[in-house]
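Right, one structure below, let's go through it.
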Amino acid sequence: MRTPTFNQLTILKTVAEEGSIVRAADRLHLTPPTLSIQLAKLADHLGAPLYEVVNRRIELTGAGRDAVAAAQAIAQELGLLEQRLAARAGIERGRLQVATVSTGESILPSLMGVFQDEHPGLQIRLKIVPRDQLLGRIDRGDDDIYLMTRPPRREGLLIEPMGINPLVMIAHPNHPWVHDATHSLGDLASERFVSRELGSGTRFWIGEWLAERGIEFQPALELGSNEAIKQAVMGNHGIAMISMHAITAELNTGQLALLKLPDVPMPSWWYAVRPLARQATPATEAYLAFLKTQWPILDVTLLDLLRPLGFPTEHLSKTQAP
Numbered sequence: 557m558r559t560p561t562f563n564q565l566t567i568l569k570t571v572a573e574e575g576s577i578v579r580a581a582d583r584l585h586l587t588p589p590t591l592s593i594q595l596a597k598l599a600d601h602l603g604a605p606l607y608e609v610v611n612r613r614i615e616l617t618g619a620g621r622d623a624v625a626a627a628q629a630i631a632q633e634l635g636l637l638e639q640r641l642a643a644r645a646g647i648e649r650g651r652l653q654v655a656t657v658s659t660g661e662s663i664l665p666s667l668m669g670v671f672q673d674e675h676p677g678l679q680i681r682l683k684i685v686p687r688d689q690l691l692g693r694i695d696r697g698d699d700d701i702y703l704m705t706r707p708p709r710r711e712g713l714l715i716e717p718m719g720i721n722p723l724v725m726i727a728h729p730n731h732p733w734v735h736d737a738t739h740s741l742g743d744l745a746s747e748r749f750v751s752r753e754l755g756s757g758t759r760f761w762i763g764e765w766l767a768e769r770g771i772e773f774q775p776a777l778e779l780g781s782n783e784a785i786k787q788a789v790m791g792n793h794g795i796a797m798i799s800m801h802a803i804t805a806e807l808n809t810g811q812l813a814l815l816k817l818p819d820v821p822m823p824s825w826w827y828a829v830r831p832l833a834r835q836a837t838p839a840t841e842a843y844l845a846f847l848k849t850q851w852p853i854l855d856v857t858l859l860d861l862l863r864p865l866g867f868p869t870e871h872l873s874k875t876q877a878p
């Protein structure tokens, strides 16, 4: 067997993750023929077929899975080497890779900007992806820190609560329930409900929370982002339950209104997740310390919006996080 190159293994790993040579080529900024040639060379080096096409999707063979495992192991070792070198160089010459779920788009970019201003020499990357993709990144150890509202409960992860993430019910300002607090959660069955797609952490929390109260969650409209949900509600296409972080601007401008219902806001929290196997660099430790000082400020901002409107907030404390 001839020794394959790390570039060839990386190509196979990317194709396996994307399930398509075309999508992998786009992600790697290469042409599909270039990828096909490299995959053919890799198969020739290893002396075994690496994949087959099943229903127009790439499926790895046993040899292919072994090769991808080797690519992941090499990538992790290189990542550890990079972390050790960064630790020697100090924070201003290091790198920080952060990934978060899509709800984080309302919070993380601005926080990251403040942190970057404090450490201009630090190379920072922020990845915002759906929850299922974030779980894949955690499995592969792609990043230094993950920020999410429903962390996986598994060994090998350090999970710390960062702050509150109240889920509130929003509606068009002209919705008849805006000035009528007599409705029950059961009345939601008569309303057109706008929701995130299956697989979303927020969608899971809402469905589980309503099920505990004997209410079946049946969205009339499923959308792929919080921004799309806000636009739908502002267009009077229904009501929605959404993170308070995502709608503060629209509440302040009167484009959206909050509905008063029993047990709302629904408690939820933000967590920082870190793989224990990945050495914490000075940049990682500095960013975690930064979040622990900044997130309480965000919490106060949300509570200051809710309390004057008469919403209960005692159950939203970070100390209540499981």
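Just so it is clear: in the sequence shown, position 187 is 743 by the working numbering, and no numbers are missing. Glycine included, C-beta positions come from ideal geometry on N, C-alpha and C.
Check                                                                                                                                : Outcome
Proximity of Ser740 and Pro775 at Cβ, strictly below 8 angstroms                                                                     : no
Pick from His731, Arg558, Leu744, Ser576 that is closest to Lys597, judged by C-alpha positions                                      : Arg558
From Leu854, Ile771, Arg759, residue whose alpha carbon lies closest to that of Ser746                                               : Ile771
Cβ neighbours of His515 in the same chain (closer than 8 angstroms, five flanking residues each side left out)                       : Residue 515 cannot be examined here, being either before or after the span of the chain that is shown, 557 to 878.
Status (buried if at least 16 other CB within 10 Å, exposed otherwise) for Lys786                                                    : buried
Contacting residues, own chain, Cβ-Cβ under 6 angstroms from Leu616 (five flanking each side not counted)                            : Ala572, Tyr607
Reduced DSSP category for Thr561 - H, G, I as helix; E, B as strand; rest coil                                                       : coil
Coil, strand or helix - Ser799 by DSSP                                                                                               : strand
Cutoff 8 angstroms; reference Leu713; Cβ partners in own chain excluding five residues on either side                                : Ile694, Pro707, Val829, Arg830, Pro831, Leu832
Cβ pair count under 8 angstroms reaching 3, the stretch 624-640 against the stretch 575-583                                          : no
Thr705 vs Trp826 beta-carbon contact at 8 angstroms                                                                                  : yes
Closest Cα partner of Gly603 within the set Gly618, Pro868, Thr758, Leu652                                                           : Gly618
6 angstroms CB neighbourhood of Arg681 in its chain, flanking five on each side removed                                              : Gln653
Segment limits, beta strand (DSSP E) that includes Trp825                                                                            : 825-831
The stretch 860-873 / the stretch 668-684 touching (three or more Cβ pairs under 8 angstroms)                                        : no
Start-to-end residues for the alpha helix (DSSP H) that takes in Ile720                                                              : Careful: Ile720 lies outside any alpha helix (DSSP H), inside the beta strand (DSSP E) at 713-720.
Three-way DSSP call (helix, strand, coil) for Thr837 in this model                                                                   : coil
Residue burial classification, Thr587 (beta-carbon count within 10 angstroms, cutoff 16)                                             : exposed
Inter-residue spacing [alpha-carbon to alpha-carbon] between Ile526 and Leu812                                                       : Limits of the chain in this structure are 557 at one end and 878 at the other, which puts residue 526 out of reach.
Whole-Å CB distance - Asn782 paired with Ile762, under 8 angstroms assumed                                                           : Not confirmed; about 13 angstroms, so no contact.
Status (buried if at least 16 other CB within 10 Å, exposed otherwise) for Val657                                                    : buried
Unbroken stretches of the beta strand (DSSP E), 3 residues or longer, contained in the stretch 670-732                               : 679-685, 701-704, 713-720, 723-727
Chain-order list of residues whose beta-carbon lies under 8 angstroms from that of Leu777 (same chain, five-residue window excluded) : Arg748, Phe749, Val750, Ser751, Ala788, His793, Gly794
Contact check, Phe867 vs Pro821, beta carbons under 8 angstroms                                                                      : yes
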